[in-house]
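Engineer: The sequence shown begins at 0 in numbering that gives the first Met the number 0 and counts up one residue at a time.
Ideal Cβ positions, reconstructed from N, Cα and C, are used throughout, including at glycine.
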Amino acid sequence: MTQEDSSTAAAQAAIRAATRNKFKSKIGDLQFSLSRYEKLVRATVPIKNDEKTKFLLLLTFDRPLKNGLKIS
0 MTQEDSSTAA
10 AQAAIRAATR
20 NKFKSKIGDL
30 QFSLSRYEKL
40 VRATVPIKND
50 EKTKFLLLLT
60 FDRPLKNGLK
70 IS
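1. Return yes when the Cβ of Ala-42 is within less than 8 Å of the Cβ of Phe-31, no when it is not.
2. Since Thr-18 is in the beta strand (DSSP E), which residue starts that stretch and which ends it?
3. Can you give the Cα-Cα distance for Val-40 and Leu-57, rounded to whole angstroms?
4. Per DSSP, what kind of secondary structure is Lys-47 in: helix, strand or coil?
5. Is Leu-29 buried or exposed, if buried means 16 or more other CB atoms sit within 10 Å of its CB?
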């Protein structure tokens, strides 16, 4: 992915987290969100200060290959 693709994905993750926040009274606080794709795994973890989300930690993991792990 390009830097622009990564920036767009981060913005979309923030929008999804904000959307989940609208339903907080019904479903509770977001602990983390995990998405598994064919080529990677993405996690979104809210970083809170006094019960308010201040930041979102966005993690991307390469998926293991069939014959081992890709190390780059």
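Structural biologist: For this structure:
1. In the sequence shown, the residue the question calls residue 31 occupies position 32. In the sequence shown, the residue the question calls residue 42 occupies position 43. The answer is yes: Cβ separation under 8 Å.
2. Taking the first residue of the sequence shown as position 1, residue 18 is located at position 19. Annotation: Thr-18 is outside any beta strand (DSSP E); the continuous alpha helix (DSSP H) that includes it extends over 2-20.
3. For this step, residue 40 is matched to residue 41 along the sequence shown. For this step, residue 57 is matched to residue 58 along the sequence shown. Their backbone Cα atoms lie some 11 Å apart in a straight line.
4. By one-based count along the sequence shown, residue 47 stands at place 48. The answer is strand: DSSP assigns Lys-47 an E or B state.
5. Looking up residue 29 in the sequence shown gives position 30. It counts as buried.
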